[in-house]
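Shown next, in structure tokens, is the structure this report addresses.
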Amino acid sequence: MNVMCVIIAFMLITVPFTVTDIQASLQGKDPSLLQIRAGNHSEFLRIVIEGPDQLISKGKVSKKGRGIEVIFSGEDFEIRQNRLPVSYTRSGDAVLFALNNESDIKVFNLDGPSRIVIDAFHKTGPNPGTAVEEKTEDADKVEKRPLVKSSHENAGPTVSQKAVTSVQLAALQAGQTHKKIYADRESGGYVKDSPYEYGFITDKYKKIWSVLKAENNPYKVIKELSAGKPGDAESLGVYHYIYGEALSAAKRELEAINQLRLAFIYSTDQDLKETAFLRRAEIYQKAGLMYEARSNYLVFFKEFPSSKYIAKAHLGMAKSLSETGFQNEAVEHYGNAGRSPEVLFSMANALQKLGRAPEAGKAYANAMLADSAYPQQSPETYYLIGENMRMTGKINEAEKHLSAINTGPFRDSANISLGLIAMEEPDYVKAIEYFKAAAYSKDRKTKVEALLNLSLAYFKADKLKESISTLEEVRHNHYDSTSSYKETLFLLSRLYRKTGMLKESVSLLKELVYGKEPPAEVLGEIEAILLEAGDKTATGPGGDVRFTDLWREFGQWMLDGSREEFLMKIARRLKPEGKPFIDLCSWLVENTQGKAKTAAAIELAEYYAGLDRMQQAEKYLGMVRDSKVRETGDDVFRLEAKINQAAKNTDLAFRNLAAIKEFESGDFKLLGRVITGMKEAQSDNVQKAVALYEKMINKFDADAGDYVRLADIYYDYEKDDKALAYYRAAYEKNPGDEWAMYRIGSIVGTPETNEMFGKLQKGDTLISRLAKTKLRGMNILNRIDEVYQ
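Letter by letter, the sequence shown follows residues 27 to 815 in the working numbering.
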């Protein structure tokens, strides 16, 4: 049962020696030393035999009448004397245990240290097989037992679920059921807390223990114990325990934790083990290490499910959970921690922190019946009672109660509550005074809460400059991710945008949209920013924010059929980005109807056609043809032309292009490919297509490449005059167009040829080298002519 504790203990703190080292120094080489422990449980007797691995590995267990015989063949050993609830005798290489009743036995071995564990189940009770079946059945019931819902329930099993389940399953393993452990509680009673008992303090250490407890002098104890460890192994556990308690009293918590760990490891006394382990968890708590404390309590529940200190452990667990923000789980453990005033008020406090004010009010009323003076001794409880009054509408009583908190750790929290009461009246001047007073708090969480409330009060009082300044202090110096003040954060975001501080505005909007249930007006603000940013970089005092980055941040929040017009604008601006464009248009096709769906399908068809993925382009174009919204604009003609051209239906593609009213640069390129295809297919419509190209290039503004394309067509038809005209037009559009220069140089005669090739040969491109070669050839021919003239 103690294997987990030993493993965890060694993981937490490394010590400069091991259990094996200590045992070796005490045991000697020959004979081997056996240690026997035994304990009665409700339905079985457990016997544990511990010793060296080479000895334990040879142990053979068998029933002998009513007794149990353990034989270590051919081995010599000694048995450390302990008081046991079962008698035994040594006979040669065997140990015989005498049992009172006929029993069935279950045997298993454990390592670290090596042990033989024997469970003897009484014949009058369930046999081992039955116990296993009952454990499985009850374990299922445990898993189905409803727990108090937690705000963290979606993140997997909660701490309390794990803890309660482990307690129950450990109890089942010990032959007890959850029902029996908590019988009193289920029948209307409660699990009683028990003060620590120190019967394990041996006579040898009673005097030094008295110095610690009666004289309250931990430093004297530390000095005496640090002089040396006891020579006998039996005293090691008590020695380390007292040493740990003395170090804790001297506020040396981490050293104390280590000593209590050693006390747990070396002790052979069950009470000492329980006490040392639980005190270790409490000292972690005292040191403010709540997560470590919580882990120790979890192990305690598993290792000691029927401990007389179980209520004390539940109280400690509840406190550690409450301190780490797991209030729902804390409530569960408070329910198992007894009925003392501390427990009752602590449970009410946890309910109040959860915002369950009506339940907390009833819990406070019940707790007051147990001890009406307790709130005066607990500043937190006194404050939370006042806060409960405020939240349940008892405003006058709450104001009077909270106004009485003039000192102590909850004075600033009380000022915040009084400020909130003033906001409801509304008296913003009074509220500002309360919040400003609370903002001086040294507690970070309280300070942030006060400042956020102060900024809201300034805003309500039309003091925008002060509101912005206060909220900026929170953002830059006391960052807090709470979402209770969305209105103020949203206002600051809009003010930032209006002053050109787009980056800061976006930062606040991100904080809002990633919170729970972002307000609708936040999405409207994001829409305005996205449209303003477009696909350009928006610059301002706050820095640069790219449109695509904005969409990646906020796009998921904007997918709504009611925003289809806005989303189509965004889709067109996302087209160069690839996947974001495809994702958005696909969403529009699947989730909208009418014009938005048709427009998105056209965009996708165009996109895939541009990638020469004509099968997918045809799929979306088919959606357009099948839609009730008939689209016969230029975009559809272009799409059909691209698909027909790819399918080598060049005459159809030509007719599609001829139907376009407004030519674009891409149309000239497509028409050029169509003309090439028509020439290869020896179409009768080639000249018509060339005429259409020439008509459109003269009608619409085309770039240099479009003129070069038409010039090449005429050049191929050996119409040099027309080709030269369009090459010259391309050269005028772009004097750096090398192909136009080369063609001009090739068509015209000297000296213009020399001029064009002379410009080209200065470069390092393929056309430059070709021009250089041409010039050399022309020079050679000129010299030959000179020679023969």
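Heads up, the beta-carbon is just placed ideally off N, CA and C, and yes, glycines get one too.
Leaving aside the five residues before and after residue 269 along the sequence, list all residues of the same chain whose C-beta is less than 6 Å from its C-beta, in chain order.
On the sequence shown, residue 269 is found 243 positions in, with the first residue counted as 1. Cβ neighbours of residue 269 beyond the five flanking positions: 251 and 285.
Whole angstroms is fine: what's the gap from residue 589's alpha carbon to residue 608's?
Residue 589 sits at position 563 when you count from the first residue of the sequence shown. Residue 608 sits at position 582 when you count from the first residue of the sequence shown. Roughly 17 Å separates the two Cα atoms.
Do you know how far the Cα of residue 439 is from the Cα of residue 450?
The residue labelled residue 450 in the question sits at position 424 within the sequence shown. The residue labelled residue 439 in the question sits at position 413 within the sequence shown. So the two alpha carbons sit approximately 17 Å from each other.
Restricting to runs no shorter than 4 residues, where is the alpha helix (DSSP H) found entirely within the stretch 722–758?
Qualifying alpha helix (DSSP H) stretches, in chain order: 730–742.
Can you have a look at residue 345 and say buried or exposed, based on whether 16 or more other CB atoms are within 10 angstroms of its CB?
For the purposes of this step, residue 345 is identified with residue 319 of the sequence shown, where counting begins at 1. That one is buried.
With a threshold of 8 Å between beta carbons, is residue 424 in contact with chain B?
Any reference to chain B falls outside this structure, which holds one protein chain only.
Can you give me the C-alpha to C-alpha distance between residue 817 and residue 306, rounded to a whole angstrom?
Any property of residue 817 remains undetermined from this structure, which presents the chain solely from 27 to 815.
Pull up the distance between the alpha-carbon of residue 30 and that of residue 408, whole angstroms please.
Taking the first residue of the sequence shown as 1, we reach residue 30 at position 4. Taking the first residue of the sequence shown as 1, we reach residue 408 at position 382. Only weak support exists for where residue 30 lies, its pLDDT of 44 falling under 50; the coordinates are left without a value.
Counting pairs of beta carbons, one from the stretch 410–429 and one from the stretch 362–378, are three or more of them closer than 8 Å?
At 8 Å Cβ cutoff, the stretches touch.
Pull the bridge partners of residue 114 from the DSSP assignment, please.
Taking the sequence shown and counting its residues from 1, the one referred to as residue 114 is at position 88. 123, per the DSSP bridge assignment.
Could I get the ranges of all uninterrupted alpha helix (DSSP H) runs contained in the stretch 614–684, with 4 residues as the minimum, in chain order?
Complete alpha helix (DSSP H) runs here, min 4: 620–636, 640–652, 660–672 and 676–684.
Give the DSSP-derived three-state secondary structure of residue 84 in the structure shown.
Taking the first residue of the sequence shown as 1, we reach residue 84 at position 58. Here residue 84 sits in coil by DSSP.
Given this structure, state the Cα-to-Cα distance separating residue 705 from residue 712, to the nearest angstrom.
Walking along the sequence shown from the start, residue 705 turns up at place 679. Walking along the sequence shown from the start, residue 712 turns up at place 686. Between residue 705 and residue 712, the C-alpha separation is close to 6 Å.
Within the same chain, show all residues whose beta-carbon is closer than 6 Å to that of residue 51, passing over the 5 residues directly before and after it, in chain order.
As a first step, residue 51 must be located in the sequence shown, where it is residue number 25. At residue 51, the pLDDT of 34 sits below 50, so the modelled position is not reliable; the number obtained from the coordinates is stated separately. Once the five neighbours on either side are set aside, residue 51 has no close Cβ partner at all.
For residue 141, name the three-state secondary structure that DSSP assigns.
Locating residue 141 in the sequence shown gives position 115, where the first residue counts as 1. Residue 141: strand per DSSP, three-state reduction.
Relative to the C-alpha of residue 501, which residue among 519, 758 and 779 is closest?
Here residue 501 refers to the residue found at position 475 when the sequence shown is read from its first residue. The candidate whose alpha carbon is nearest that of residue 501 is 519.
Per DSSP, which one or two residues make a beta bridge with residue 531?
Position 505 of the sequence shown, counting from 1, holds the residue named residue 531. Answer is none; residue 531 lacks a bridge partner.
DSSP state of residue 434, grouped into three classes?
For the purposes of this step, residue 434 is identified with residue 408 of the sequence shown, where counting begins at 1. Coil.
Report buried or exposed for residue 530, applying the criterion of at least 16 other Cβ atoms within 10 angstroms of its Cβ.
Reading the sequence shown from its first residue, position 504 is the one you call residue 530. That one is buried.
So the alpha helix (DSSP H) residue 135 belongs to, where does it begin and stop?
The residue labelled residue 135 in the question sits at position 109 within the sequence shown. Looking at the DSSP string, residue 135 is not in any alpha helix (DSSP H); the run it does join, the beta strand (DSSP E), is 129–136.
Taking 7 Å as the line, does the beta carbon of residue 523 fall inside it for any heavy atom of the ligand ZN?
Questions concerning the ligand ZN fall outside what the structure shown contains, since it holds no ligand whatsoever.
Got a sec, what are the start and stop residues for the beta strand (DSSP E) residue 66 sits in?
Reading the sequence shown from its first residue, position 40 is the one you call residue 66. Element bounds for residue 66: 58–66.
Run through DSSP, which three-state label would residue 300 get?
Position 274 of the sequence shown, counted from the first residue, corresponds to residue 300. Helix.
Please go through the same chain and pick out, in chain order, the residues whose beta-carbon is closer than 7 Å to the beta-carbon of residue 428, but skip the five residues on each side of it.
Residue numbering aside, residue 428 sits at position 402 when the sequence shown is read from its first letter. The residues are 412, 440, 443 and 444.
Given a cut-off of 8 Å, decide if residue 494 and residue 535 are closer than it, judged by their beta-carbon atoms.
The residue labelled residue 535 in the question sits at position 509 within the sequence shown. The residue labelled residue 494 in the question sits at position 468 within the sequence shown. Cβ distance not < 8 Å, so residue 535 and residue 494 don't count as in contact.
Quick check: the Cα distance between residue 319 and residue 302, rounded to an integer number of angstroms?
As a position in the sequence shown, residue 319 is number 293, starting the count at 1. As a position in the sequence shown, residue 302 is number 276, starting the count at 1. When rounded, the distance between both Cα atoms is 13 Å.
Keeping to the same chain, check which residues put their C-beta closer than 6 Å to that of residue 467; ignore five residues upstream and five downstream.
Taking the first residue of the sequence shown as 1, we reach residue 467 at position 441. 438 and 473, listed in sequence order.
Is residue 141 near residue 75, with beta carbons less than 8 Å apart?
Against the sequence shown, residue 141 aligns to sequence position 115. Against the sequence shown, residue 75 aligns to sequence position 49. Yes, the Cβ-Cβ distance between residue 141 and residue 75 is below 8 Å.
Considering only the alpha carbon of each residue, which of 133, 272, 81 and 700 lies closest to residue 71?
Sequence index remark: in the sequence shown, residue 71 carries index 45 (1-based). Looking at the Cα atoms, 133 is the closest of the given residues.
When you compare each of 595, 585, 604 and 639 to residue 617 by their alpha carbons, which one comes out closest?
The count along the sequence shown starts at 1 and reaches residue 617 at position 591. For residue 617, the nearest C-alpha among the options comes from 585.
Pick from 661, 369 and 59: whose alpha carbon is nearest that of residue 683?
Counting from 1 along the sequence shown, the entry for residue 683 is found at position 657. Measuring from the Cα of residue 683, the nearest candidate turns out to be 661.
Residue 333: which of 83, 67 and 430 sits nearest, CA to CA?
Locating residue 333 in the sequence shown gives position 307, where the first residue counts as 1. It is 67 whose Cα lies nearest to the Cα of residue 333.
How far does the beta strand (DSSP E) with residue 97 in it reach, from first residue to last?
Translated into positions along the sequence shown, residue 97 becomes position 71. Per DSSP, residue 97 belongs to the beta strand (DSSP E) from 93–98.
Does the Cβ of residue 293 have 16 or more other Cβ atoms within 10 Å, making it buried, or fewer, making it exposed?
Numbered from 1 along the sequence shown, position 267 holds the residue referred to as residue 293. By the neighbour-count rule (16 or more Cβ atoms within 10 Å), residue 293 is buried.
Helix, strand or coil for residue 287 per DSSP?
Taking the sequence shown and counting its residues from 1, the one referred to as residue 287 is at position 261. Note: residue 287 maps to helix in three-state DSSP.
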